[in-house]
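Chemist: Take this structure first; my questions come after.
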Amino acid sequence: MPMEKPKDDIIAAVYRVIQERKANPSESSYTASLMAKGVDKILKKVGEEATEVVIAGKGGKREEIVYETADLIFHNLVLLGFYDIDPEEVYAELRRRFGISGIEEKESRVG
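The sequence shown begins at 21 in this note's numbering and counts up one residue at a time.
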């Protein structure tokens, strides 16, 4: 029996807004501006945010780690939205991996 998504699934809610901004861009939308600038700009932001998570993690301040991780998740969602990949596909991949040794999972990858 498939698991139902809770109605307060913030990832799904944010993704819906990202898709809305993509479909109906406005000049005042940060998300729409990222989409308009293309995948390279989005990837640059993902890289910057990932680096900021690393720096925050090294610093060890809980609130900074939370803040920077939220930024990284948001920008990853923008990347998914750019390619019309629903977060559910990521959830499905995580479910597939759940309970499998990380070492086994890496060895099972082709390429």
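Just so you know, even glycine gets a beta-carbon here, dropped at the ideal spot from N, CA and C.
#1: Within this structure, are the beta carbons of Val98 and Leu54 separated by less than 8 Å?
#2: Quick check on the burial criterion: 16 or more other C-beta atoms within 10 angstroms. Buried or exposed for Val4?
#3: For the stretch 90-107 and the stretch 35-53, state whether three or more C-beta atom pairs, one from each stretch, are separated by less than 8 Å.
#4: Under a three-way DSSP split, which group does Tyr50 fall into?
#5: Among the residues of its own chain, which have a CB less than 6 Å from the CB of Gly79, if the five just before and after it don't count?
#6: Let me make sure I understand the geometry here. Which of Glu47, Gly77, Ile62 and Ser46 has the alpha-carbon closest to that of Phe102?
#7: Where do the ends of the alpha helix (DSSP H) carrying Pro107 lie?
#8: By the three-class DSSP mapping on this structure, what secondary structure does Ile120 have?
Modeler: Once the coordinates are examined:
#1: The residue labelled residue 98 in the question sits at position 78 within the sequence shown. The residue labelled residue 54 in the question sits at position 34 within the sequence shown. Yes; because the gap between Cβ atoms is below 8 Å, this pair is in contact.
#2: There is simply no residue 4 to check, as the chain begins at 21 and stops at 131 in what is shown.
#3: yes
#4: Residue mapping note: residue 50 aligns to position 30 of the sequence shown, counting from 1. The answer is helix: DSSP assigns Tyr50 an H, G or I state.
#5: Translated into the one-based positions of the sequence shown, residue 79 becomes position 59. Excluding positions up to five away in sequence, the list is empty.
#6: As a first step, residue 102 must be located in the sequence shown, where it is residue number 82. Comparing Cα positions, the closest option is Ile62.
#7: Looking up residue 107 in the sequence shown gives position 87. Per DSSP, Pro107 belongs to the alpha helix (DSSP H) from Pro107 to Arg117.
#8: Position 100 of the sequence shown, counted from the first residue, corresponds to residue 120. Ile120 falls in the coil class under three-state DSSP.
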